[in-house]
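Engineer:
There are 4 protein chains.
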Amino acid sequence: MKRPLEPSAEGRGRVVGITDGVFAIALTLIVLEIRVPAHETVHSENELIAAVAALAPRFLTYALSFLTLTIFWFGQQAQHGLVAKSDRRLATLNLCFLGFVALLPFSTDLLADFLEFRTAVLVYWLNLLMLGLTLLASWRYADKNGFLAEGVDAETTRTVYLRIVKAQILWAIGAALCLVSPLLSVGFILVVQLIYAAALRAPLLRKIIG
Amino acid sequence: MKRPLEPSAEGRGRVVGITDGVFAIALTLIVLEIRVPAHETVHSENELIAAVAALAPRFLTYALSFLTLTIFWFGQQAQHGLVAKSDRRLATLNLCFLGFVALLPFSTDLLADFLEFRTAVLVYWLNLLMLGLTLLASWRYADKNGFLAEGVDAETTRTVYLRIVKAQILWAIGAALCLVSPLLSVGFILVVQLIYAAALRAPLLRKIIG
Amino acid sequence: MKRPLEPSAEGRGRVVGITDGVFAIALTLIVLEIRVPAHETVHSENELIAAVAALAPRFLTYALSFLTLTIFWFGQQAQHGLVAKSDRRLATLNLCFLGFVALLPFSTDLLADFLEFRTAVLVYWLNLLMLGLTLLASWRYADKNGFLAEGVDAETTRTVYLRIVKAQILWAIGAALCLVSPLLSVGFILVVQLIYAAALRAPLLRKIIG
Amino acid sequence: MKRPLEPSAEGRGRVVGITDGVFAIALTLIVLEIRVPAHETVHSENELIAAVAALAPRFLTYALSFLTLTIFWFGQQAQHGLVAKSDRRLATLNLCFLGFVALLPFSTDLLADFLEFRTAVLVYWLNLLMLGLTLLASWRYADKNGFLAEGVDAETTRTVYLRIVKAQILWAIGAALCLVSPLLSVGFILVVQLIYAAALRAPLLRKIIG
Chain A
1 MKRPLEPSAE GRGRVVGITD GVFAIALTLI VLEIRVPAHE TVHSENELIA
51 AVAALAPRFL TYALSFLTLT IFWFGQQAQH GLVAKSDRRL ATLNLCFLGF
101 VALLPFSTDL LADFLEFRTA VLVYWLNLLM LGLTLLASWR YADKNGFLAE
151 GVDAETTRTV YLRIVKAQIL WAIGAALCLV SPLLSVGFIL VVQLIYAAAL
201 RAPLLRKIIG
Chain B
211 MKRPLEPSAE GRGRVVGITD GVFAIALTLI VLEIRVPAHE TVHSENELIA
261 AVAALAPRFL TYALSFLTLT IFWFGQQAQH GLVAKSDRRL ATLNLCFLGF
311 VALLPFSTDL LADFLEFRTA VLVYWLNLLM LGLTLLASWR YADKNGFLAE
361 GVDAETTRTV YLRIVKAQIL WAIGAALCLV SPLLSVGFIL VVQLIYAAAL
411 RAPLLRKIIG
Chain C
421 MKRPLEPSAE GRGRVVGITD GVFAIALTLI VLEIRVPAHE TVHSENELIA
471 AVAALAPRFL TYALSFLTLT IFWFGQQAQH GLVAKSDRRL ATLNLCFLGF
521 VALLPFSTDL LADFLEFRTA VLVYWLNLLM LGLTLLASWR YADKNGFLAE
571 GVDAETTRTV YLRIVKAQIL WAIGAALCLV SPLLSVGFIL VVQLIYAAAL
621 RAPLLRKIIG
Chain D
631 MKRPLEPSAE GRGRVVGITD GVFAIALTLI VLEIRVPAHE TVHSENELIA
681 AVAALAPRFL TYALSFLTLT IFWFGQQAQH GLVAKSDRRL ATLNLCFLGF
731 VALLPFSTDL LADFLEFRTA VLVYWLNLLM LGLTLLASWR YADKNGFLAE
781 GVDAETTRTV YLRIVKAQIL WAIGAALCLV SPLLSVGFIL VVQLIYAAAL
831 RAPLLRKIIG
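Heads up: the sequence lines are chains A, B, C and D, in that order. Counted the way our numbering counts, the first sequence spans residues 1 to 210. Counted the way our numbering counts, the second sequence spans residues 211 to 420. Counted the way our numbering counts, the third sequence spans residues 421 to 630. Counted the way our numbering counts, the fourth sequence spans residues 631 to 840.
(1) State yes or no: is the beta carbon of C:L568 nearer than 9 Å to at least one beta carbon in chain D?
(2) Mind checking if C:P602 is an interface residue toward chain B, Cβ cutoff 9 Å exclusive?
(3) A:A137 and A:L93 look like a contact to me (Cβ under 8 Å); what is the Cβ gap, rounded to whole Å?
(4) Among the residues of its own chain, which have a CB less than 8 Å from the CB of B:L237, if the five just before and after it don't count?
(5) Out of C:I491, C:V442, C:A476 and C:L603, state which residue places its alpha-carbon closest to the alpha-carbon of C:I615.
(6) Can you give me, in chain order, the residues of the region 669-689 of chain D that have a beta carbon less than 8 Å from any beta carbon in chain A?
(7) Mind checking which residues open and close the alpha helix (DSSP H) that includes B:F398?
(8) Looking at D:L690 and D:A750, is the spacing between their C-beta atoms short of 9 Å?
(9) Counting C-beta neighbours from all protein chains within 10 Å, is the total for A:E150 16 or more, i.e. buried, or is it exposed?
(10) Does any residue of chain C bring its CB to less than 9 Å from the CB of B:R222?
(11) Starting from D:I794, find everything on chain C with Cβ-Cβ shorter than 7 Å and list it in chain order.
(12) Going along chain B in order, which residues have a C-beta closer than 8 Å to the C-beta of C:V611?
(13) Determine the burial state of B:I235: buried for a count of at least 16 other Cβ atoms within 10 Å of its Cβ, exposed for fewer.
(14) Counting only runs that start and end within the region 744-790 of chain D, where is the alpha helix (DSSP H) found for 4 or more residues in a row?
(15) How about A:V216: is its C-beta nearer than 9 Å to some C-beta of chain D?
(16) Could you check whether the region 495-514 of chain C touches the region 456-472 of chain C, counting it as contact only if at least three pairs of C-beta atoms, one from each stretch, sit closer than 8 Å?
(17) Mind checking the region 75-106 of chain A against chain B and listing, in chain order, the residues whose C-beta falls within less than 8 Å of any C-beta there?
(18) Does any CB atom of chain D fall closer than 9 Å to the CB of C:L548?
(19) Exposed or buried, A:D153, counting other C-beta atoms within 10 Å across all chains shown (16 or more means buried)?
(20) So that I know if they touch, is there some Cβ in chain C lying closer than 9 Å to that of D:L761?
(21) May I have the straight-line CA-CA distance separating A:E45 from D:P812, to the nearest angstrom?
(22) Which word fits B:G223, buried or exposed, when buried means at least 16 other C-beta atoms lie within 10 angstroms of its C-beta?
(23) To the nearest angstrom, how far is the alpha carbon of D:V821 from that of D:F747?
(24) D:L720 and D:V652 - do their beta-carbons sit closer together than 9 Å?
(25) Please report the Cβ distance between D:V645 and D:S716, rounded to the nearest whole angstrom; I am assuming they are in contact, meaning their Cβ atoms lie under 8 Å.
(26) With H, G and I counted as helix, E and B as strand and the rest as coil, what does DSSP make of C:A592?
(27) Could you give the DSSP three-state label for B:A248: helix, strand or coil?
(28) Residues of the region 18-33 of chain A in Cβ contact with chain D at a cutoff of 7 Å, in chain order, please.
(29) Could you work out which residues of chain A lie near B:T280, taking near to mean beta carbons separated by less than 8 Å?
(30) Please check the pair D:A772 and D:V713, which I expect to be a contact at CB under 8 Å, by giving their CB distance rounded to whole angstroms.
(31) Would a check of beta-carbon distances place A:I195 closer than 9 Å to chain B?
(32) Between C:L551 and C:P477, is the Cβ-Cβ spacing less than 9 Å?
(33) When the Cα atoms are used, what is the spatial distance from D:Y754 to D:G647?
(34) Cα-Cα, which of D:A805, D:V810 and D:T764 is closest to D:G705?
(35) Does DSSP put D:A684 in a helix, in a strand, or in coil?
(36) In whole angstroms, what is the alpha-carbon distance linking D:A668 and A:G11?
What follows is the structure, encoded as structure tokens:
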């Protein structure tokens, strides 16, 4: 007998569909914060060059959020590749994760507008933290309820946990640096994202970030 | 002989594609209402903290609409998982449902801006009502025209109907509470959404919300 | 030997993916024109009711464009269901079609803002015309180059042509009515869309709109 | 034993999903720059005709960016059709490419607003250049790491390289023309895009653009 919303492979496919959709939109929305200079304020080539150059902080936060989205897209994908099926609760945890993905354009915009304030850095970090926590919660749920694919051994399961925790520790260090200077904080987090996104093979680095 | 738009499995797949797309966009658009404070109005950390704290009602309506979208995404998915094929009319009913999904960012925005007015609560409730009615209509159509998958028995069919009706009754109670206070109304609906989204296993609750 | 962009079933799948994406976004963007009233202008329940009621023309054009998108989504789908593979040119024609789908939120907005001007109606009709022409061109291209699926006979091919032409004739009549009154024009087109979207089975109507 | 994010066919499918999503959104966002004239400034049919006609430069840059997106969508698709699987780095290169796709609405808007300034043309060209470079990098990576599908011979591999390089040479010539006049530059690039998008079969042209 067929019942609604039983754990199924199709439910898993739908989660993939909505996830890629939300990421695609978030990736495009963070660009909207890079606003074209007002036409009235520009009267010469030099003024336009200056106006475009003045957008530098927005390009910086764009790059930062772009890398963040990249990293979490891979994080979600790495998990999902190891999950064989999805029930309603796992899908709900995934949607909570997407809810924080959808908030990233807001955090990014706040950061771009208030790069000199610690509060903006902390809100951004909180967003990173919630992304990690929801990812952790869905991995734990899939693990405990036997939704993992065949062939996923204890070591792999542990690796997934560790990666999330290690990244969060690095970002927490980054956030703490805003006690020194908000810009240092952003710079540190940006470097961390670059390292993750590039997925460097350097053995030492591998050992640190797992 | 092949004819255009016959009931088919491919038509069903297209409906899934556009549904996940509209939900993904709606999920991301409701965030756009959380607007970053204007730079001119903020001169210190404390002012920024105050400005972010002042966004609280918008975070509240964001959470509310996020939960609503989650619940209806599952609702559509629960139905669609039990439907074997789709003809043009069933797809049209599904698109009407999506039309009200697309309206949710508007209702949410109205609610966030006018949380103290009954009219805003009623418009939001009307949106919930139309979402339920279009879902009910497509289930009825699929049921009457033999589009349900094999193995869907009478009890399951009835469960789907009952769930929609029960949720609508709870939201109607919530909407009626705005006679007392619009905020009480929103609070009640938010609690209902939380219970549905969490899909609690508590037997008593299960009996009430089916 | 494998060559880039040969006619293939995968190319056909990609076209479906981007089509559903553009339609989903267009469906959601046309709602953005229904703007929430400014908070400063509203001081009581009655003023909010009046402000929401004043949005009526926008709800009207929303409904109109929603129906238009529905009809063309089915139109594209009806064609694509009869096409077995897609080469680069067929995909380009499809993208041109999507280009005019993407323009529909603009035409809708213009119409909502200038409902009393003939120019707005004509721009909207031009959009409908271009949607039909690009659809016609891709059907013709698929037909002439042997991309149609097996089992598509001459009668079905002709039916697809006729449907597009008949709809265009009805819209042209609607557009011509703006010589009498722009609102009459919009009303006529809205009724035509309703009939198409509802896909009525009335035999007389069937004979007229094919 | 299953490990996260190994090169797989599913990873390849996810890249296709997010790519079509970002392109669909970019295609729709570039339209948002065609803004409906303010209602206060229009009092007659003639004023509305004039106001719509004044949007001509925006329709021009819309057409330009629409063609650019079309060409790069095919470029990505041509590559992806020849790639059998994707690992995390190839996916990262693809996301970088998408990052520049997402920037195109910004470059388009800048160009539409400052069509008379060389700086705007150069920013637009830089965007085209980065799109080409990221596409080149991912092709090179797939080629060097044995991710190409069976049956892709050396000639096809070379053809893909050559196409990217030839297009970049043409756009560089176009960008250089802005020393004469920015509008000439835009016109030249627009003609190049038209030729590519139409995929003309003219043998002479074929020889030049490969």
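Glycine is no exception: its CB is placed at the ideal position from the N, C-alpha and C atoms. Treat the numbers as computed from the prediction; the structure is a model and nothing was measured.
Structural biologist: Quick answer:
(1) no
(2) no
(3) 5 Å
(4) F276 and L279
(5) C:I491
(6) none
(7) P392 to A408
(8) no
(9) exposed
(10) no
(11) Within 7 Å Cβ-Cβ: nothing; D:I794 doesn't reach chain C, min ~11 Å.
(12) Ordered by position in chain B, no residue passes the 8 Å Cβ test against C:V611, which lies about 16 Å from the chain.
(13) buried
(14) 748-774
(15) It is not possible to answer for residue 216 of chain A, since the shown part of chain A is limited to 1 through 210.
(16) no
(17) R88, R89, A91, T92, L95, L98, G99, A102, L103, P105 and F106
(18) no
(19) exposed
(20) no
(21) 12 Å
(22) exposed
(23) 20 Å
(24) no
(25) 6 Å
(26) helix
(27) coil
(28) D20, G21, F23, A24, I25, L27, T28 and V31
(29) T92 and L95
(30) 5 Å
(31) no
(32) no
(33) 26 Å
(34) D:T764
(35) coil
(36) 46 Å
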